[in-house]
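In the numbering used here, the protein residues as written are 1110 to 1454.
Heads up, the beta-carbon is just placed ideally off N, CA and C, and yes, glycines get one too.
Read through the structure below, which is laid out as structure tokens, and then see the notes.
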Ligand code: SAH
């Protein structure tokens, strides 16, 4: 922020204490509690006026503004286009599942990864989101919808492992029992395969679910679709997944967008089963088949019958696979496209 103020919602209570040295511990506790309800200083009526004045002077609360909101008439999915303090736009989606209300949040404004099918990366990367800007998506969406959010997926705009330290701090803040208290086991982090950071994450003692975007089972084809594969190939990626499971005991989830004429035939389904069964014989994993969201300029599509056939082939080969249900199809809930439109990218 331009005025050199401190981003208070990104701080742990200990850090708030060193900022407000003269305040007793219980005041910091009250402040932290208010902030993690999405409150602004005027609403913190049980804090002394002087303390609130000091806070206003020294800090700012980074809650995003709702620029646009779309509610699906089909399934109640809510999609937000948020505006950040510097005019950057990001997207979040709230989905209602039987197992709880889930929010999909963004971790960066834009993305560097260059995956050919993805709208979020087509105009490059602008900046990382702060921990508060990730928390802010959850807080504003929860307050605006009035429903308690119990699950988070880091599957919106950006590559979370390319914004590693901010994402780690966000995970630690959002799971605190004096804050939003969303259990780490209810949080999924999706990566295109930033292998060095998968090893780092395995050592964090943060039992999140790791989702790995695979999309192809051989290196030549995966590299053509996902440039990250030129840095770390499939074998290196799956070795990291194995280590992640060994250290955390958390089942791995693989994402596979089934794209017509690219990776969707029966030979490719069998090749995927071969790869995973051979490389990960002893660890539990799951394949999530995603019907592709058409993105302007890419020409990629999916045939639902082919996706079902692909699933049947995997199941026959004893690979656990589900097809991702498409929510919010009437509100263009696929990611990255609203940002592009709004910002004229
Ligand atoms: N950068 C992370 C998280 C963001 S993308 C990652 O790559 O995993 C979340 C998921 O949506 C990824 O599996 C990604 O490959 C997939 N995805 C991106 N664009 C898509 C599209 N047009 N159709 C279907 N899935 C897409």
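For residue j and residue i, the rounded distance between their alpha carbons
i: residue 1305; j: residue 1354; result: 15 Å
i: residue 1297; j: residue 1118; result: 22 Å
i: residue 1114; j: residue 1177; result: 27 Å
i: residue 1240; j: residue 1380; result: 39 Å
i: residue 1111; j: residue 1417; result: For residue 1111, the pLDDT reaches just 49, beneath the cut-off of 50, and the residue's location in the model is therefore unreliable, leaving the point undetermined.
i: residue 1294; j: residue 1316; result: 6 Å
i: residue 1224; j: residue 1131; result: 50 Å
i: residue 1207; j: residue 1260; result: 12 Å
i: residue 1184; j: residue 1135; result: 43 Å
i: residue 1343; j: residue 1331; result: 8 Å
i: residue 1276; j: residue 1269; result: 6 Å
i: residue 1463; j: residue 1326; result: The structure shown has nothing for residue 1463, since the chain only spans 1110 to 1454.
i: residue 1453; j: residue 1413; result: 32 Å
i: residue 1362; j: residue 1312; result: 19 Å
i: residue 1198; j: residue 1451; result: 8 Å
i: residue 1291; j: residue 1189; result: 20 Å
i: residue 1340; j: residue 1236; result: 22 Å
i: residue 1348; j: residue 1280; result: 24 Å
i: residue 1254; j: residue 1410; result: 32 Å
i: residue 1146; j: residue 1309; result: 30 Å
i: residue 1195; j: residue 1232; result: 18 Å
i: residue 1250; j: residue 1387; result: 42 Å
i: residue 1425; j: residue 1419; result: 10 Å
i: residue 1365; j: residue 1393; result: 17 Å
i: residue 1272; j: residue 1436; result: 27 Å
i: residue 1179; j: residue 1245; result: 18 Å
i: residue 1421; j: residue 1433; result: 14 Å
i: residue 1153; j: residue 1328; result: 55 Å
i: residue 1155; j: residue 1257; result: 24 Å
i: residue 1187; j: residue 1226; result: 23 Å
N-terminal and C-terminal residue of the beta strand (DSSP E) that residue i is part of
i: residue 1234; result: 1234-1237
i: residue 1355; result: Segment 1343-1357 is the alpha helix (DSSP H) holding residue 1355; no beta strand (DSSP E) there.
i: residue 1141; result: That residue, residue 1141, is in no beta strand (DSSP E); its alpha helix (DSSP H) goes 1134-1144.
i: residue 1247; result: Note, residue 1247: premise wrong, no beta strand (DSSP E); alpha helix (DSSP H) at 1240-1254.
i: residue 1174; result: 1174-1180
i: residue 1112; result: Here residue 1112 belongs to no beta strand (DSSP E), and DSSP marks it neither H nor E.
i: residue 1400; result: 1394-1400
Short Cβ contact (7 Å threshold) for residue i with residue j
i: residue 1267; j: residue 1201; result: no
i: residue 1367; j: residue 1334; result: no
i: residue 1211; j: residue 1222; result: no
i: residue 1428; j: residue 1382; result: yes
i: residue 1376; j: residue 1430; result: no
i: residue 1234; j: residue 1213; result: no
i: residue 1346; j: residue 1302; result: yes
i: residue 1299; j: residue 1263; result: yes
i: residue 1318; j: residue 1285; result: no
i: residue 1164; j: residue 1150; result: yes
i: residue 1174; j: residue 1192; result: yes
i: residue 1373; j: residue 1181; result: no
i: residue 1218; j: residue 1404; result: no
Residue i: CB within 6 Å of a non-hydrogen atom of the ligand SAH
i: residue 1272; result: no
i: residue 1299; result: yes
i: residue 1180; result: no
i: residue 1322; result: yes
i: residue 1401; result: yes
i: residue 1268; result: yes
i: residue 1404; result: yes
i: residue 1227; result: yes
i: residue 1364; result: yes
i: residue 1264; result: yes
Segment limits, alpha helix (DSSP H) that includes residue i
i: residue 1160; result: 1158-1167
i: residue 1451; result: 1446-1451
i: residue 1275; result: 1273-1283
i: residue 1306; result: 1304-1311
i: residue 1297; result: It is not in any alpha helix (DSSP H) - residue 1297 instead sits in the beta strand (DSSP E) that spans 1296-1300.
i: residue 1422; result: 1413-1425
i: residue 1337; result: 1337-1340
i: residue 1127; result: 1122-1128
i: residue 1231; result: Premise fails: residue 1231 is in no alpha helix (DSSP H) and is neither H nor E.
Residue i beta carbon near the ligand SAM (any heavy atom closer than 6 Å)
i: residue 1218; result: With respect to the ligand SAM, the structure offers nothing, as its ligand set consists of the ligand SAH.
Minimum Cβ-Cβ distance from residue i to chain C less than 7 Å
i: residue 1118; result: Protein chain content of the structure displayed is limited to a single chain, and chain C is not contained in it.
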